[in-house]
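A.B. asks: Before we start, here is the structure in question, set down as structure tokens.
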Amino acid sequence: MKKRTNLLALVLSITAITFTLFGCSSDTGQKKSIAAPGSATETGGGADQASADESINEQVLVDQDGIKITATEYVTDSIWGDGIKLLVENNSAKDYTIGCDALIVNDYMITDLFSADVAAGKKSNEVMYLSSTELKAAGIDTVGQIEMYFHAYDSNWDNLFKNVYSKLETSEFANMDTTPNDEGQELYNANGVRIVGKTVDENSFWGTAILLYIENTSGQNVGINVDNMSINGYMMTPLFSTTVYDGKKSIDDITIMSSDLEANGITSVDQVELKFHIYNAESYDTIADSDAITFTAQ
């Protein structure tokens, strides 16, 4: 178990660094707008993250099966960004790993960077960080509400519990902006799922990133993948898979590796074609497979 949890901690650390430095496309350089074929668009600037003085009242988030999680403080780190300090107590007779199934800030799905190993009868002070790059991509400059779904499992990967919901409101709850950051070209709108293409960043860390706004009002948690993607007529292998809970929104990007583009001699992303595969996130039953969707990058 120790090797496994150490590996998990390493993976989370690498993920955290990657998202902190390079997540949701780059912050510098010119980005292309997404438009329907033959049209022209103008792109407005994204919101800059302001410095708000968020704070929280101490609150018990989970008290179940011998596991108690208490939010004690809203903290800000110069590298990791904003976060919630947690006291995790394991009053059970077994060692457990505690983590998040989902983290939602101001109704936006945010990547959670949290995992804590707590031995039986012990406590641990931890911080659940909120990805600063993802907050900025979503246009969130004031954190007002944080929703968390917690899980706990043992050394055999058996769940003690999962999807235990808790909600935390900060001192800025009344001031949080819930306006959708949905500027762009609508690519799909059916079955309670809306997808908007925002920008194409040809200078992202991994290659090219196509930024999407996704909104789910379907009445169920959905997963979304991309199939049959081509750029300038050449087939690509996109890196994209996202889960959006019912009633929530997400800012995510489709990543195309630079090696994939170079292998096909592509130096400029001009025309993109793809299909979206949308499914129930719990049962994996297909909700919809979209027709081919074509758009240009200008």
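When you line the sequence shown up against mature numbering (1 follows the signal peptide of the UniProt record, and there is no 0), it's residues -23 to -1, 1 to 275, in that order. Even glycine gets a Cβ: it sits at the ideal position worked out from N, Cα and C. No experiment lies behind these values; they were computed from the predicted model shown.
Put N152 into one of helix, strand or coil per three-state DSSP.
C.D. replies: Reading the sequence shown from its first residue, position 175 is the one you call residue 152. Of the three classes helix, strand and coil, the one that applies to N152 here is helix, per DSSP.
A.B. asks: Going by CA-CA distance only, name the one from Y126, I243, S218 and K144 that's closest to G184.
C.D. replies: The sequence position of residue 184 within the sequence shown is 207, counting from 1. Closest by alpha carbon: I243.
A.B. asks: Between which two residues does the alpha helix (DSSP H) containing S235 stretch?
C.D. replies: By 1-based counting over the sequence shown, the position of residue 235 is 258. It spans S235 to A240 - the alpha helix (DSSP H) in which S235 sits, taken as one unbroken run.
A.B. asks: What did DSSP end up calling T88 once you bin it into helix, strand or coil?
C.D. replies: Within the sequence shown, numbered from 1, the residue matching residue 88 stands at position 111. Coil, per DSSP.
A.B. asks: Please report the distance separating the alpha-carbon of Q72 from that of A167.
C.D. replies: If you number the sequence shown from 1, residue 72 lands on position 95. If you number the sequence shown from 1, residue 167 lands on position 190. Going by the sequence as given, residue 72 is Asp instead of Gln. Taking the straight line joining both Cα atoms gives about 45 angstroms.
A.B. asks: Do you know offhand how far S235's Cα is from F150's?
C.D. replies: On the sequence shown, position 258 is the one that residue 235 refers to. On the sequence shown, position 173 is the one that residue 150 refers to. In a straight line, the C-alpha of S235 is about 41 angstroms away from that of F150.
A.B. asks: Thinking C-alpha only, which one of A115, N102, V52 and T74 is nearest E160?
C.D. replies: Here residue 160 is taken as the residue at index 183 of the sequence shown, counted from 1. Checked all of A115, N102, V52 and T74; the closest Cα to E160 is A115.
A.B. asks: Could you tell me the alpha carbon to alpha carbon distance between T147 and A258, rounded to whole angstroms?
C.D. replies: Mapped onto the sequence shown, residue 147 falls at position 170. Mapped onto the sequence shown, residue 258 falls at position 281. C-alpha separation (whole angstroms): 29 angstroms.
A.B. asks: What are the boundary residues of the beta strand (DSSP E) that G189 is part of?
C.D. replies: For the purposes of this step, residue 189 is taken as residue 212 along the sequence shown, with counting starting at 1. With the sequence shown as reference, residue 189 is identified as Leu, and Gly is not the correct amino acid for it. L189 -> beta strand (DSSP E) spans G184 to N193.
A.B. asks: I need the boundaries of the alpha helix (DSSP H) containing S109, first residue and last residue.
C.D. replies: On the sequence shown, position 132 is the one that residue 109 refers to. S109 -> alpha helix (DSSP H) spans S109 to A114.
A.B. asks: How long is the line joining the alpha carbons of L216 and I233, rounded to whole angstroms?
C.D. replies: Counting from 1 along the sequence shown, the entry for residue 216 is found at position 239. Counting from 1 along the sequence shown, the entry for residue 233 is found at position 256. L216 and I233: Cα-Cα distance of roughly 6 angstroms.
A.B. asks: Using the three-state DSSP reduction, which class does M212 fall into: helix, strand or coil?
C.D. replies: By 1-based counting over the sequence shown, the position of residue 212 is 235. M212: strand per DSSP, three-state reduction.
A.B. asks: Does the beta-carbon distance from G224 to T194 come in below 9 angstroms?
C.D. replies: Here residue 224 refers to the residue found at position 247 of the sequence shown. Here residue 194 refers to the residue found at position 217 of the sequence shown. Yes.
A.B. asks: Along the chain, where does the beta strand (DSSP E) containing I255 start, and where does it finish?
C.D. replies: Along the sequence shown, one-based indexing puts residue 255 at 278. Taken as a continuous stretch (DSSP letters only), the beta strand (DSSP E) holding I255 covers Q248 to N257.
A.B. asks: Any idea which residues DSSP pairs S101 with across the strands?
C.D. replies: The residue given as residue 101 occupies position 124 in the sequence shown. BP columns for S101 point to V65.
A.B. asks: Considering only residues of the same chain and omitting the five flanking positions on each side of N83, which have a CB-CB separation below 7 angstroms?
C.D. replies: Taking the sequence shown and counting its residues from 1, the one referred to as residue 83 is at position 106. Cβ within range, chain order: I117, V120, G121, Q122, M153 and T155.
A.B. asks: In this structure, how does DSSP classify Q41 when only helix, strand and coil are distinguished?
C.D. replies: Position 64 of the sequence shown, counted from the first residue, corresponds to residue 41. It is a strand residue.
A.B. asks: Going along the chain, which residues of its own chain have a beta-carbon closer than 7 angstroms to the beta-carbon of L64, five neighbours each way excluded?
C.D. replies: Taking the first residue of the sequence shown as 1, we reach residue 64 at position 87. Answer for L64: T47, T49, K100 and N102, listed in chain order.
A.B. asks: Taking 9 angstroms as the threshold (C-beta atoms), are I255 and I201 in contact?
C.D. replies: Walking along the sequence shown from the start, residue 201 turns up at place 224. Walking along the sequence shown from the start, residue 255 turns up at place 278. It is a contact, given that the beta carbons lie within the stated cut-off.
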